[in-house]
Amino acid sequence: MRYGEGLAWFGLLLITSGSLLFGQRTLYLIHFQKKPDSLLPYVESYLSPKAIERRRIQGIIIDDHDLPVPSAWISELRQSGRVIGVSRWLNAALIEINSPNALPQAPFIKCSEPFSTRNTTSRTSPRLPTTATHNIHEDVPVRGVAVTDQQLGMLRIPDLHHQNLYGRGVRIAILDAGFPGMDQIPGFQHIFAQGRFIAGYDFVSGDSVVFDDNAHGTMVASVILGRDSAAGYLGGAPEADVILARTENALSETRQEEWNWARAVEWADSLGAQIIQSSLGYSTFDDPAESYTYADMNGRIAITTQAARVAAQKGLLVVTSAGNEGASPWRYITAPADADSVLAAGAVDATGQLAFFSSRGPTADGRIKPEVVAMGQGTRIIRPDGNLGGASGTSFAAPLITSLAACLWQARPSLHAQALRKVIIESADRYSNPDTAYGYGLPDGAQALARLTALAESPPTLAPRLSPNPTTDNLSLFLPDTTLGWYALTICDESGRQIFSTTYRGLTLLTLPTATWRPGIYWLHLSHHQNPKQTFQAAFIKL
109 MRYGEGLAWF
119 GLLLITSGSL
129 LFGQRTLYLI
139 HFQKKPDSLL
149 PYVESYLSPK
159 AIERRRIQGI
169 IIDDHDLPVP
179 SAWISELRQS
189 GRVIGVSRWL
199 NAALIEINSP
209 NALPQAPFIK
219 CSEPFSTRNT
229 TSRTSPRLPT
239 TATHNIHEDV
249 PVRGVAVTDQ
259 QLGMLRIPDL
269 HHQNLYGRGV
279 RIAILDAGFP
289 GMDQIPGFQH
299 IFAQGRFIAG
309 YDFVSGDSVV
319 FDDNAHGTMV
329 ASVILGRDSA
339 AGYLGGAPEA
349 DVILARTENA
359 LSETRQEEWN
369 WARAVEWADS
379 LGAQIIQSSL
389 GYSTFDDPAE
399 SYTYADMNGR
409 IAITTQAARV
419 AAQKGLLVVT
429 SAGNEGASPW
439 RYITAPADAD
449 SVLAAGAVDA
459 TGQLAFFSSR
469 GPTADGRIKP
479 EVVAMGQGTR
489 IIRPDGNLGG
499 ASGTSFAAPL
509 ITSLAACLWQ
519 ARPSLHAQAL
529 RKVIIESADR
539 YSNPDTAYGY
549 GLPDGAQALA
559 RLTALAESPP
569 TLAPRLSPNP
579 TTDNLSLFLP
589 DTTLGWYALT
599 ICDESGRQIF
609 STTYRGLTLL
619 TLPTATWRPG
629 IYWLHLSHHQ
639 NPKQTFQAAF
649 IKL
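If you count by this note's numbering, then the sequence shown holds residues 109 to 651, one letter each, in order.
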């Protein structure tokens, strides 16, 4: 296991105590002020090589989301209570305190909000993740040749396999409730033998033991990674690299599982993941006070939705199940499927008819959801005992879409995640007439590959980008230099007098402190440290 590869860039504080699992607790989310950007140019100190490579390939801005929360801030928080975890993306910390009177007060704190106050004594019966609550696990063993041909064929994934596209080199992070048996089941052993298991972490228990707990994750993973020639089983992207994260406690349903999800996505980002596979969803919780409403499914509210949006900005493709609430009073999609930049997958049966349980759209703000559908009723899976079976739920449609995306990404490694998402949607059979049940329909892998082949690559124009321009306050600078080159930055006023200078690193988003400058026209000059001929100039107006 190559877990140590990601520790240096963990980007989180994985602090979980067993004492938190029982009894009364009061949790608060502490939101921080803007992080100081003095570390911004030194990206190697807080991002792994794989994470930097993904940003470089896609021209993704490195900004304050990537910066770690200052350790001094966390140390001060510990004086008030137990810090459960820190999110650099959400710029917040989850803290356990005895009472609201113990809330920390410090200049770096923007605000605090109650997160959860509840008794967490374990249930006596297990509960699957929200989108798996209505899953129908068909325990009748399935035998035969190419038992997965139907579910893969509906997306024309075998057409990609015939071109030797099996997801090779694509790194997938699977977030779920546990992965029992994966390290022992014959259908997964090729992953370990070939060194394609990158890392695993249990965000519920706070350790690196992931091959236990709820079987849901094992079955989801099999749809993507499984390969058992004796049983005639083949997953959609069996040659992909994999990261496993347990974020869901199947014994309960709380907002802390959303927090686990957000932290896990950040961790996967730090390890260079390209696809987030999540067959989890959030709407109602054990404590009704924590529950969302349909109005909250607007792409902005839920913690998982916020994290999914940042993941998309960082060049990851998030594939998530739409939810299994189609026949329930809730009916609609669940978070993070409401995010505007993810691929939310609904479920159909083997004939292409919508499964009765598949959650419907639209989002609360009227966007089409789900985006796509795949076979999620009677999907063939590998069970934790190593035998084959069938299972139903949008949980099993999502990994089919993940498989499709991984095979396509292998064909075009330089593709931007959102361009890949667009190509998949445009290949679907209802693209010209989408609705809020099927979305854009069943994607067509062969058609998507053809679209990728015809898609022209256009390198970013290497010129400084300043916004807003004109500005009344601070100004943002971004130079899309994917070599991450070092530059000397100087700014002069109309008379030619230098008023500001600093070092700038390509691909980073720098905030320039113009708020106190006099109104007028200013000139910005960038000069490459190693190649003085590589210089750039731009003008901006301060109102």
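A virtual CB, placed ideally from N, CA and C, is assigned to each residue, including glycine.
ALA370 is the residue among GLY303, ALA370, PHE287, THR256 whose C-alpha sits nearest the C-alpha of ASN199. At a cut-off of 4 residues, not a single continuous stretch assigned as alpha helix (DSSP H) sits fully inside the segment 327-375. Inclusion of VAL480 and LEU550 in the CB contact set at 9 Å is warranted, their separation being smaller than that value. Taking the Cβ atoms as the reference, GLY628 lies roughly 28 Å from ASP589, outside the contact range of under 8 Å.
Collapsing the DSSP output to three states places GLN485 in coil.
Nearest neighbour of GLN642 by Cα position, chosen from TYR595, SER603, LEU617, SER535, turns out to be TYR595. Excluding sequence positions up to five before and after MET327, its CB lies within less than 6 Å of the CB of ILE489, ALA499, all in the same chain and listed in chain order. A straight line joining the alpha-carbon of GLN518 with that of SER188 spans about 48 Å. Residue pairing by DSSP places HIS173 in no beta bridge whatsoever. In the three-state DSSP reduction, TYR150 falls in the coil class, being neither helix nor strand. Annotated three-state conformation of PHE504 is helix, per DSSP. Linking ASN368 to THR412 through their CA atoms gives a straight-line distance of about 9 Å. The three-state secondary structure of GLU602, taken from DSSP, is coil. In the DSSP assignment, ILE533 falls within the alpha helix (DSSP H) that extends over 525-534.
About 18 Å separates the beta carbons of PHE223 and TRP181, which is beyond the 8 Å limit, so they are not a contact pair. Within the same chain, and ignoring the five residues on either side of ALA338 in sequence, the residues whose Cβ sits closer than 8 Å to its Cβ are PRO294.
Judged by their CB atoms, THR442 and TYR390 are nearer to each other than the 9 Å cut-off.
As summarised for the segment 377-415, the continuous beta strand (DSSP E) elements at least 3 residues long and confined to that stretch are 383-386, given in chain order. Around the Cβ of ASN577, a 10 Å sphere holds fewer than 16 other Cβ atoms; the residue is exposed. Distance from the CA atom of ILE265 to the CA atom of ALA447, rounded to whole angstroms, is 26 Å. Taking the Cα positions, THR624 is about 8 Å away from ASP581. Closest in C-alpha terms to ALA353, from the list GLY286, PHE586, GLN414, comes GLY286.
By the Cβ-count criterion, ARG186 is exposed, with fewer than 16 other Cβ atoms from all chains shown falling within 10 Å of its own Cβ. Note that the C-beta distance between GLY275 and ILE203 is not below 9 Å. Under the three-state reduction of DSSP output, LYS143 falls in the coil class, being neither helix nor strand. No residue range can be given for ALA445, since it is assigned to no alpha helix (DSSP H) and is classified by DSSP as neither H nor E. Boundaries of the beta strand (DSSP E) around SER635: 628-636. Collapsing the DSSP output to three states places GLY308 in a strand.
Take GLU565, set aside five residues on each side of it, and the residues of its chain with a beta-carbon closer than 8 Å to its own are SER522, in chain order.
Residue pairing for TRP594: DSSP places it in a beta bridge opposite ARG613. At least 9 Å separates the beta-carbon of LYS142 from that of PRO178.
Excluding sequence positions up to five before and after TYR539, its CB lies within less than 6 Å of the CB of TYR548, all in the same chain and listed in chain order. Going by beta carbons, GLN485 and ALA525 fall outside the 9 Å limit.
In this structure, ILE280 sits away from ALA419, with a CB-CB distance that is not shorter than 9 Å.
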